[in-house]
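Student: Questions regarding the structure given below will be posed in turn.
Numbering (our numbering), first residue to last: 44 to 108.
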């Protein structure tokens, strides 16, 4: 899994996606970081990403294996 963090016009945006599969790229989650303190991604967002990764892995198995 790879996380991209980009600043634009004073705001921070993050996109988390996997490049684990040769046949496809799944975008799991993208969001604008709104917290002005701390750099950590909130736990509920991490759980969403993990859940979507599991779904992407299952989808990939069904489509490409």
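Even glycine gets a Cβ: it sits at the ideal position worked out from N, Cα and C. Being a predicted model, the structure only gives us computed values, none of them experimental.
(1) Thinking C-alpha only, which one of 107, 105, 104, 47 is nearest residue 70?
(2) Straight-line CA distance for residue 75 to residue 50?
(3) Just to confirm my understanding: we take residue 58, look at its own chain, exclude 5 residues before and 5 after, and list those with CB closer than 6 Å. What are they?
(4) Can you give the beta carbon distance from residue 64 to residue 103, rounded, assuming they're within the 8 Å contact cut?
(5) Who are the near neighbours of residue 107 in its chain, counting only those whose CB is closer than 8 Å to its CB and skipping five residues on each side?
(6) Within 10 Å of its beta-carbon, does residue 99 have 16 or more other beta-carbons around it, so buried, or fewer, so exposed?
Tutor: So, to answer that:
(1) The count along the chain shown starts at 1 and reaches residue 70 at position 27. Among 107, 105, 104, 47, the Cα nearest to that of residue 70 belongs to 47.
(2) Position 32 of the chain shown, counting from 1, holds the residue named residue 75. Position 7 of the chain shown, counting from 1, holds the residue named residue 50. Annotation: residue 75 to residue 50 spans about 10 Å, alpha carbon to alpha carbon.
(3) In the chain shown, counting from the first residue as 1, residue 58 sits at position 15. Correct list, in chain order: 47, 73.
(4) Position 21 of the chain shown, counted from the start, is the residue given in the question as residue 64. Position 60 of the chain shown, counted from the start, is the residue given in the question as residue 103. Residue 64 to residue 103, Cβ: 5 Å. Contact.
(5) Position 64 of the chain shown, counting from 1, holds the residue named residue 107. Counting only Cβ-Cβ distances below 8 Å, and skipping sequence neighbours, we find 64, 66, 67.
(6) Translated into the one-based positions of the chain shown, residue 99 becomes position 56. It counts as buried.
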